[in-house]
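Worksheet for the structure shown next.
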Amino acid sequence: MVGKGRKKLISKGGVRVDGRKPGDLRPIKIKVGLLERADGSAYVELGKNKILAAVYGPREVYPRHLSLHSRALIRCRYHMAPFSVEERKSPAPSRREVELSTVIRDALEPVIFTEFYPRTVIDIFIEVLQADGGTRGTGIIAASLALADAGIPMRDLVAACAAGKVDGQLVLDLNDVEDKEGEADLPVAYAPQMEAVTLLQMDGTLTKDEFERALKLAVDGCKQIHALLKEALRGRYLAVGDVVEAGVKKGKGGES
Amino acid sequence: MLFVKSRQLVIPGDLLAKGEYAAGENVYKGRDGFYASKVGLVVFENQVIRVIAIEGGYLPSANDLVVGKVVNVGLSEWVVDINSPYRGVLFVSQTSRRSFDSRRDDLTGILDVGDVIIAKVLEFDRTRDPRITIRDRGLGKVTSGYLVKVTPTKIPRLIGKRGSMINLIKSRTGCQITVGQNGFILVKGKRVEDEALAVEVIRMIERDAHTSGLTDRVGEFIGRGSEED
Amino acid sequence: MVRSSEVISNIERKRILELLSQGKRLDGRGLKDYREIKVERGVVEKAAGSALVSVGGTKVATGVKVEVGKPYPDRPEAGALAVNVELTPLASPTFEPGPPDKYSIELARVVDRGIRESKAIDLEKLCLVPGNKVLVVFVDVYVLNHCGNLFDASELASVLALMGAKVAKYVVDKGGEVKAKAKRVPLPVRNYPVSVTMARIGGDFVVDPSLDEEMVADARITVTTDKSGNVCAVQKGGVGVFSVDEVMEAVDIAVEKSGELRRDVLGV
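Protein chains in written order, with our numbering: chain H, 699 to 954; chain R, 7 to 235; chain A, 127 to 394.
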């Protein structure tokens with residue numbers, strides 16, 4: 699996407715339209731385990747993005763013929779509510795939603811120990827209630843938290859964010875207007891413990907050097923977000939009841 | 007070398023230790039050492055590192071006592087929901103019925119959809135659905151009681167070391183409680199109030215299973231003695 | 127294909143019936159009590175209006191969008207109303223992704239009926255160019271978690287979203303072109319339909335049925351009333367049958383409870 703940038707998206711001093719500096723992430727708000735019926739769920743706000751993710755599984759596969767004999771099938775559906783964008787979007791899945799469902803699934807599957815649950819399916823559902831640029835990244839974040847909430851065994855939590863180029867400058871975490879009118883957009887998902895890029899897309903124009911810098915910027919953003927995800931999960935359980943004490947407890951129940 | 011303290015809350019991907027250890031449940035060996043694969047409390051037992059998961063489903067294991075619900079009736083077997091990704095299969099040969107002729111008898115006369123059973127897992131290896139039985143003593147159809155569903159990972163805490171926790175609840179509330187390893191629990195008491203109290207304690211344990219001091223809090227909650235009995 | 131979560135166990139069914147014979151419900155509520163209702167208005171700023179409603183564990187989010195479109199051929203001088211319900215797969219292990227099925231369509235039509243027949247929106251005020259251009263009000267109901275009684279939660283979320291909706295002021299210039307001004311005005315909301323759903327279990331009506339109660343009930347009835355207590359929509363569901371007296375009993379309960387909901391939840 700090559701934009702002319704009719705209005706200035708970033709000042710000479712590096713101040714973006716929403717007041718951020720080029721390397722700043724938007725504020726993030728996280729809630730884990732808010733949907734009772736789902737096996738795992740999470741709600742994430744990244745700037746004005748509001749995204750809900752739910753995980754069901756491992757569970758039986760329907761239709762049966764889709765089941766894999768040696769591992770779990772991972773299914774993912776990314777979907778936007780009609781009221782999530784400026785102009786009402788039809789509830790029927792668009793081509794973009796179908797594409798994003800696929801790349802998000804491919805971003806999450808590498809960390810899941812699918813071999814533990816042959817002949818089952820792990821369903822990941824992502825609903826965008828409000829979109830403002832970076833919904834696939836926010837969806838991946840919410841899905842990672844929901845998978846952890848469901849007790850799905852994983853190698854790592856996958857974090858995601860986008861970097862890009864706006865008015866000639868490389869920036870982190872593009873909002874909607876930056877995404878639409880900037881010169882390049884590079885969404886990335888990253889599993890820090892595995893040092894693995896699990897989602898990578900780009901559209902726009904970047905020199906090879908800019909691409910490398912943008913990629914590193916995005917990976918760095920992912921690491922920051924990853925730390926926040928861990929805190930959110932820790933906070934969920936430490937807030938309940940007592941703080942877990944260190945040291946070995948003798949004669950404690952609960953050993954299986 | 008350990009990177010975490012015993013009973014510390016860990017997150018998937020957390021590096022737990024490096025060196026001569028063995029990976030127990032919810033721990034995997036990766037590039038730089040041993041990592042957690044679920045959110046939970048890490049424990050070290052000799053050289054085995056494992057994580058007691060806070061959330062998670064039920065995977066059947068041979069000899070597990072489970073409480074299940076019949077969801078389908080076949081020609082010579084019933085399909086039973088045992089709160090697992092894999093449905094339990096109960097063959098008529100695993101009931102106490104001596105003779106059964108599929109041409110003459112109807113399975114629904116023995117067990118029908120919606121019936122609750124206490125069963126035992128015979129075998130399970132993930133390539134086939136688990137086989138279960140209701141042949142032994144204490145197993146079979148349940149006709150009344152309160153069915154409570156808890157996250158299966160909390161069951162060990164609910165039972166307690168050598169049954170200490172569950173026996174405490176049973177004696178203080180006077181209820182018969184059958185705890186399925188699969189997270190389905192049957193509570194039967196003389197009075198509705200007793201059952202309600204038992205259920206409240208079970209929910210409390212489910213919520214706080216990963217915290218310390220739980221045994222004391224439960225003891226306080228259900229009182230020092232059953233004065234009413 | 128029956129997902130096992132659709133089967134309620136016989137002992138749970140027995141317990142619900144036993145308790146009902148003593149005038150009690152599984153969660154301790156009275157037969158006519160609603161679960162705790164929580165409301166968050168304006169949760170989606172990009173929507174013209176929105177609301178998130180929780181009734182017990184049931185969670186429904188409704189977003190309202192208003193756009194310029196064509197009127198219905200039989201009402202060329204009125205705005206249009208379109209209600210859509212998504213039973214999202216997040217909400218229940220039994221909901222699958224896909225086009226609207228019979229459950230979501232029935233739910234959408236009942237919510238629509240309540241809004242339309244009570245004339246909650248003064249649709250005539252939404253006409254821009256008669257026979258050609260009107261404002262179309264899209265009410266999109268998103269069911270996020272299903273713990274029973276999706277009807278009432280959906281209706282409440284939809285009416286709340288409409289009440290809080292702010293739309294651009296549209297003007298028609300001399301050339302017949304429609305232009306949206308920057309000023310935002312509320313939708314012309316004139317009435318406040320409230321639906322009250324009851325499940326009939328044995329011989330009893332239970333208001334705001336939970337998921338378990340819905341699975342045991344042989345029939346349900348939803349009665350929607352407007353702010354004056356007029357009945358503007360009714361829907362019977364399930365294969366059980368009602369006597370005329372039972373229907374009138376349900377209507378009486380609905381009038382009573384909807385007044386409470388209108389006052390306590392909608393604030394009117």
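Note that beta-carbon positions come from the ideal geometry of N, C-alpha and C, so glycine has one too.
Identify each residue in the region 187-218 of chain A for which the Cβ-Cβ distance to at least one residue of chain R is less than 7 Å, and report them in chain order.
Of all residues in the region 187-218 of chain A, none has a Cβ within less than 7 Å of some Cβ in chain R.
Strand pairing of H/V801, partner residues [DSSP]:
Counted from its first residue, the first sequence places residue 801 of chain H at position 103. H/V801 is not bridged to any residue.
Taking only beta-carbon positions, decide if H/K928 is within less than 8 Å of chain R.
Residue numbering aside, residue 928 of chain H sits at position 230 when the first sequence is read from its first letter. H/K928 belongs to the set of residues whose beta carbon lies under 8 Å from a beta carbon in chain R.
On the premise that H/C920 lies in contact with H/L723, defined as a C-beta separation below 8 Å, what is that separation, rounded to the nearest angstrom?
Along the first sequence, read from residue 1 onward, the residue named residue 723 of chain H stands at position 25. Along the first sequence, read from residue 1 onward, the residue named residue 920 of chain H stands at position 222. The pair is not a contact, with the Cβ atoms about 10 Å apart (cut-off 8 Å).
What does H/V783 touch in chain A if you count any residue whose Cβ is under 8 Å from its own?
Taking the first sequence and counting its residues from 1, one reaches residue 783 of chain H at position 85. Close to H/V783, with beta-carbon spacing below 8 Å, are these residues of chain A in chain order: K172.
For the region 129-144 of chain A, which residues have a beta carbon sitting closer than 9 Å to at least one beta carbon of chain R?
Those would be R129, S130, S131, E132, V133, I134, S135, N136, I137, E138, R139, K140, R141 and E144, in chain order.
Any idea what DSSP makes of A/V133, helix, strand or coil?
Against the third sequence, residue 133 of chain A aligns to sequence position 7. DSSP places A/V133 in coil when its eight states are reduced to three.
Using only the alpha-carbon positions, how far apart do A/E232 and A/V165 sit?
In the third sequence, the residue the question calls residue 232 of chain A occupies position 106. In the third sequence, the residue the question calls residue 165 of chain A occupies position 39. A/V165 has its alpha-carbon roughly 24 Å from the corresponding atom of A/E232.
Taking a Cβ distance cut-off of 9 Å, strictly less, list which residues of the region 843-872 of chain H are near chain R, in chain order.
Under the 9 Å Cβ criterion, the region 843-872 of chain H contributes L845, A846, D847, A848, G849, I850, P851, M852, R853, D854 and L855.
Could you confirm whether any beta carbon from chain H is found closer than 8 Å to the beta carbon of A/M127?
Taking the third sequence and counting its residues from 1, one reaches residue 127 of chain A at position 1. Note that A/M127 scores a pLDDT of 34, beneath 50, so its modelled location is shaky and nothing firm can be said.
Can you list, in chain order, the residues of its chain whose CB lies under 8 Å from that of R/I228, leaving out five sequence neighbours each side?
Here residue 228 of chain R refers to the residue found at position 222 of the second sequence. Taking C-beta separations shorter than 8 Å and ignoring five residues to either side along the sequence, the partners of R/I228 in its chain run L174, I175, R178, T179, L203 and V207, following chain order.
Interface positions of the region 762-779 of chain H facing chain A (Cβ-Cβ less than 8 Å), listed along the chain:
Cβ proximity to chain A below 8 Å picks out R775, H777 and A779 from the region 762-779 of chain H.
Report yes if the CB atom of H/L771 is closer than 8 Å to the CB atom of H/V759, and no otherwise.
Sequence index remark: in the first sequence, residue 771 of chain H carries index 73 (1-based). Sequence index remark: in the first sequence, residue 759 of chain H carries index 61 (1-based). Cβ atoms of H/L771 and H/V759: closer than 8 Å.
Does any residue of chain H bring its CB to less than 8 Å from the CB of A/N317?
The residue you call residue 317 of chain A lines up with position 191 of the third sequence. No, no contact with chain H.
Taking the C-alpha atoms as reference points, what is the distance between H/V783 and A/E171?
On the first sequence, position 85 is the one that residue 783 of chain H refers to. On the third sequence, position 45 is the one that residue 171 of chain A refers to. So the two alpha carbons sit approximately 10 Å from each other.
Any idea if R/N52 is buried or exposed, counting beta-carbon neighbours within 10 angstroms, 16 or more meaning buried?
Working through the second sequence from its first residue, we reach residue 52 of chain R at position 46. Result: exposed.
Would a C-beta distance cut-off of 8 Å place H/V715 and H/V875 closer than the cut-off?
Locating residue 715 of chain H in the first sequence gives position 17, counting from the first residue. Locating residue 875 of chain H in the first sequence gives position 177, counting from the first residue. A Cβ-Cβ contact shorter than 8 Å links H/V715 with H/V875.
CA-to-CA distance, A/D390 to A/V377, given in whole angstroms:
Position 251 of the third sequence, counted from the start, is the residue given in the question as residue 377 of chain A. Position 264 of the third sequence, counted from the start, is the residue given in the question as residue 390 of chain A. C-alpha separation (whole angstroms): 20 Å.
Inside the region 753-813 of chain H only - beta strand (DSSP E) runs reaching at least 3 residues
Within the region 753-813 of chain H, the complete beta strand (DSSP E) runs of at least 3 residues are 771-778.
Would A/F264 pass as a contact of A/V190 if the rule is Cβ separation under 8 Å?
Position 138 of the third sequence, counted from the start, is the residue given in the question as residue 264 of chain A. Position 64 of the third sequence, counted from the start, is the residue given in the question as residue 190 of chain A. Yes.
In the DSSP assignment, find the beta strand (DSSP E) that holds R/K160 and state where it starts and stops.
Along the second sequence, one-based indexing puts residue 160 of chain R at 154. R/K160 -> no beta strand (DSSP E), and no H or E assigned at all.
With H, G and I counted as helix, E and B as strand and the rest as coil, what does DSSP make of A/Y268?
Stepping through the third sequence from its first residue, residue 268 of chain A is reached at position 142. Taken through DSSP and simplified to helix, strand or coil, A/Y268 comes out as strand.
With a cut-off of 8 Å on the beta carbons, I'd call R/L22 and R/V48 a contact; round off their distance for me.
Counting from 1 along the second sequence, the entry for residue 22 of chain R is found at position 16. Counting from 1 along the second sequence, the entry for residue 48 of chain R is found at position 42. Yes, they are in contact, since the Cβ atoms of R/L22 and R/V48 sit about 6 Å apart, within 8 Å.
What are the residues of the region 713-741 of chain H that lie near chain A, defined by any Cβ-Cβ distance shorter than 9 Å?
Per Cβ criterion, the list reads L732, L733, E734, R735, A736, D737 and S739.
Leaving out the 5 sequence neighbours to the left and right, which residues in its chain are closer than 8 Å to R/A28 when beta-carbon positions are compared?
Working through the second sequence from its first residue, we reach residue 28 of chain R at position 22. The answer, listed in chain order, is Q53, V54 and I55.
Is there a Cβ from chain A that is less than 8 Å from the Cβ of H/E825?
Taking the first sequence and counting its residues from 1, one reaches residue 825 of chain H at position 127. Output row for H/E825: interface = yes.
Starting from H/F811, find everything on chain R with Cβ-Cβ shorter than 8 Å and list it in chain order.
As a first step, residue 811 of chain H is located in the first sequence; it is residue number 113 there, counting from the start. For a Cβ distance threshold of 8 Å, residue set Y34 and S43 of chain R lies close to H/F811, ordered along the chain.
So, is H/K727 buried or exposed, given that buried needs 16 or more other C-beta atoms within 10 angstroms?
Sequence index remark: in the first sequence, residue 727 of chain H carries index 29 (1-based). Burial is judged here by how many other beta carbons sit within 10 angstroms of a residue's own beta carbon; H/K727 has fewer than 16 and is exposed.
Is the beta carbon of R/G94 sitting closer than 8 Å to the one on R/I124?
To locate residue 94 of chain R, count along the second sequence from 1; it is residue 88. To locate residue 124 of chain R, count along the second sequence from 1; it is residue 118. No; because the gap between Cβ atoms is not below 8 Å, this pair is not in contact.
Span of the beta strand (DSSP E) holding R/Y41?
For this step, residue 41 of chain R is matched to residue 35 along the second sequence. That run of the beta strand (DSSP E) goes F40 to A42.
Who does A/P256 pair with in a DSSP beta bridge?
Here residue 256 of chain A corresponds to residue number 130 of the third sequence, with the count starting at 1. A/P256 pairs with nothing; no bridge assigned.
6 Å Cβ shell around H/V864 - same chain, five flanking residues per side excluded:
Residue mapping note: residue 864 of chain H aligns to position 166 of the first sequence, counting from 1. The beta carbon of H/V864 is closer than 6 Å to those of L707, I708, E876 and G880 in its chain, skipping five residues each way along the sequence.
Residues of chain A with a CB under 7 Å from the CB of R/L153: which are they?
As a first step, residue 153 of chain R is located in the second sequence; it is residue number 147 there, counting from the start. Here the neighbours are S135, I137 and E138.
Can you find a C-beta in chain A that's less than 8 Å from the C-beta of H/R786?
Taking the first residue of the first sequence as position 1, residue 786 of chain H is located at position 88. Taking a beta-carbon distance threshold of 8 Å, H/R786 counts as an interface residue toward chain A.
Does A/V128 come out as helix, strand or coil in the three-state DSSP assignment?
Within the third sequence, numbered from 1, the residue matching residue 128 of chain A stands at position 2. No answer about A/V128 holds up, because its pLDDT of 41 lies below 50 and its placement is not dependable.
Helix, strand or coil at A/S321 according to DSSP, with G and I counted as helix
Here residue 321 of chain A is taken as the residue at index 195 of the third sequence, counted from 1. Three-state DSSP puts A/S321 in a strand.
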